[in-house]
Amino acid sequence: MGGGGLMSLSRLVCDPASPQSSAAALARALARSEWVQLLGPSASTDSPDPGLLPPGSGVLLSTGGSSGERRLCAQPCLHLDRSAAATGDWLRSIGLAPEQTCLFNPLPFHHMSGLMPWWRSRCWGTTHVWLSPAQLKEPSTLLECLSSLPDSAQQPWLLSLVPTQLVRLLDDPGGLHWLQRFALIWVGGAALPVTAAERARQAGIRLAPCYGATETAAMVTALPPQRFLAGENGCGDALNDVELRLLPNRALGVRTPRLALGSWSPLGQQAFSSLSDDAGWWRSGDAADLSAGLRILGRLDGAVHSGGETVFPEQLEVRLLQAAEQEDLPVQALLILGVEDPEWGERLVVLVRTSDPSVLPALQKLTTGWAPADRPRRWLSCPELAPSAAGKWQRQRWRDWVRAL
Numbered sequence: 479m480g481g482g483g484l485m486s487l488s489r490l491v492c493d494p495a496s497p498q499s500s501a502a503a504l505a506r507a508l509a510r511s512e513w514v515q516l517l518g519p520s521a522s523t524d525s526p527d528p529g530l531l532p533p534g535s536g537v538l539l540s541t542g543g544s545s546g547e548r549r550l551c552a553q554p555c556l557h558l559d560r561s562a563a564a565t566g567d568w569l570r571s572i573g574l575a576p577e578q579t580c581l582f583n584p585l586p587f588h589h590m591s592g593l594m595p596w597w598r599s600r601c602w603g604t605t606h607v608w609l610s611p612a613q614l615k616e617p618s619t620l621l622e623c624l625s626s627l628p629d630s631a632q633q634p635w636l637l638s639l640v641p642t643q644l645v646r647l648l649d650d651p652g653g654l655h656w657l658q659r660f661a662l663i664w665v666g667g668a669a670l671p672v673t674a675a676e677r678a679r680q681a682g683i684r685l686a687p688c689y690g691a692t693e694t695a696a697m698v699t700a701l702p703p704q705r706f707l708a709g710e711n712g713c714g715d716a717l718n719d720v721e722l723r724l725l726p727n728r729a730l731g732v733r734t735p736r737l738a739l740g741s742w743s744p745l746g747q748q749a750f751s752s753l754s755d756d757a758g759w760w761r762s763g764d765a766a767d768l769s770a771g772l773r774i775l776g777r778l779d780g781a782v783h784s785g786g787e788t789v790f791p792e793q794l795e796v797r798l799l800q801a802a803e804q805e806d807l808p809v810q811a812l813l814i815l816g817v818e819d820p821e822w823g824e825r826l827v828v829l830v831r832t833s834d835p836s837v838l839p840a841l842q843k844l845t846t847g848w849a850p851a852d853r854p855r856r857w858l859s860c861p862e863l864a865p866s867a868a869g870k871w872q873r874q875r876w877r878d879w880v881r882a883l
């Protein structure tokens, strides 16, 4: 992948309180034909040799799955442009002109999910509005933000969220009213809880569940809000520059001209590794069903093999949270993990964050009719349980927490 010449690599620590400053600094560096490594406030500063990078400009973004290993993906500006163009084409297919929209962005700028709304606005020549984490926690300020927008930022408004943010806004009357003002809300980065989807439908909120990754320069599929409101689940169909297929073990394969040029690990790796096979297919690490659009079954590296059965904890989490909601159980967070078991190979452990100690036995009772391999054998209260800032579960971190007990 290396360009063989003297490439320039700069490091940009992104301040969550001032994403516009980070964006301006990135724009200046890219104008100088530099590669830029985007870092969070507390991220490691390990970086590859700039000589490994190709000519031109682009970004290095951290990525990682439930395996816990962090890697850097190299995405050139051309690939980000292609992603913005494909998303624009998708908007046109559902009757929205991208150049006439206004994009709202509450996501971290050093993640692909927070970078791309800003990048799309540059490509489409439209307005971009930054939203701070503090604003999301005070929905009244969000309504004030809408009323203070200039004429150039009129509807249709577009928004990107992770499920954790969506649920918090649905729980607040002001947040719910704010969500109803948007023409389209992309939600991705983690599984959309069934109960949250139903609440959004009942309120007429125009969600567009989507699927993508840092490796693919953001979304590769999206479900139109009209189909979401009609009751369809899943992540929709492939965008026009994307092919999908099922690889062995039901792994989702993605082929697209905007796949990252390679990935680099600070753990002794001297070069960037290719992400695709010889035919250009990237193995995503997620198990999927493609029978009616894309439906994610769960992380393959998070799958649990128990008593000869393969179990996807994410599906069980959705099932249990839905049952807990029906019983009015106060569950703030819930995570199901597989841990080693000498008889079964692996057994399931449930971590729960709740203010009521009686919730754990009540949850356990809800699983008494489940299949043996699906039924958790250990239930633990975990007051600090929470996903990452990007709304993703760091499953290896919580497995280590269980093992340390």
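For the sequence shown, our numbering begins at 479 and goes up steadily by one. No residue lacks a Cβ here, since even glycine has one placed at the ideal position from N, Cα and C. If you're wondering where the values come from, they're calculated on a predicted model, not measured in any experiment.
Coarse secondary structure for residue i, derived from DSSP in three states
i	result
Ala507	helix
Pro584	coil
Ser625	helix
Ser499	helix
Trp857	strand
Val664	Checking the sequence shown, residue 664 turns out to be Trp, not Val. Strand at Trp664.
Arg875	helix
Gln515	strand
The alpha helix (DSSP H) enclosing residue i, as first and last residue numbers
i	result
Val672	672 to 680
Gly592	590 to 602
Gly652	651 to 657
Thr565	555 to 571
Glu792	791 to 804
Ala770	Counting along the chain, Ala770 falls outside any alpha helix (DSSP H), and DSSP gives it neither H nor E.
Leu730	Segment 729 to 733 is the beta strand (DSSP E) holding Leu730; no alpha helix (DSSP H) there.
Alpha-carbon to alpha-carbon, residue j and residue i
i	j	result
Ala563	Asn718	10 Å
Cys555	Trp759	21 Å
Gly682	Leu778	34 Å
Leu530	Arg549	15 Å
Pro532	Leu838	53 Å
Pro528	Met485	5 Å
Arg677	Asp649	10 Å
Leu627	Glu818	54 Å
Pro735	Ala757	12 Å
Closest Cα partner of residue i within the set the options
i	options	result
Pro791	Arg773, Gly816, Arg875, Cys580	Gly816
Pro623	Gly653, Leu539, Gly518, Val645	One detail in the question is off: residue 623 reads as Cys in this sequence, not Pro. Cys623 has its Cα closest to that of Gly653, out of Gly653, Leu539, Gly518, Val645.
Met590	Arg877, Ser751, Ala868	Ala868
Arg881	Ser866, Ala695, Val827, Gly603	Val827
Leu487	Ala495, Asp493, Leu504	Leu504
Ala801	Leu707, Ala757, Thr673	Thr673
Arg773	Gly847, Glu710, Arg761, Ala781	Glu710
Supposed contact pair residue j and residue i - C-beta distance, whole angstroms, cut 8 Å
i	j	result
Asp715	Gly771	5 Å
Phe582	Trp635	6 Å
Leu807	Trp876	Not really, about 21 Å apart at Cβ, beyond 8 Å.
Pro497	Thr642	The Cβ separation is near 19 Å, so there is no contact.
Ser638	Trp608	Wrong, their Cβ atoms sit about 12 Å apart, outside the cutoff.
Leu662	Leu574	7 Å
Residue i Cβ short of 7 Å to the ligand PLP heavy atom set
i	result
Phe587	Because no ligand of any kind appears in the structure shown, any question about the ligand PLP cannot be addressed here.
CB contact check: residue i to chain C, cutoff 8 Å
i	result
Ile572	Annotation note: the requested chain C is absent from the structure, which comprises a single protein chain.
Residue i, enclosing beta strand (DSSP E) - first and last residue
i	result
Glu721	721 to 725
Gln578	Taken as a continuous stretch (DSSP letters only), Gln578 belongs to no beta strand (DSSP E), as it is neither H nor E.
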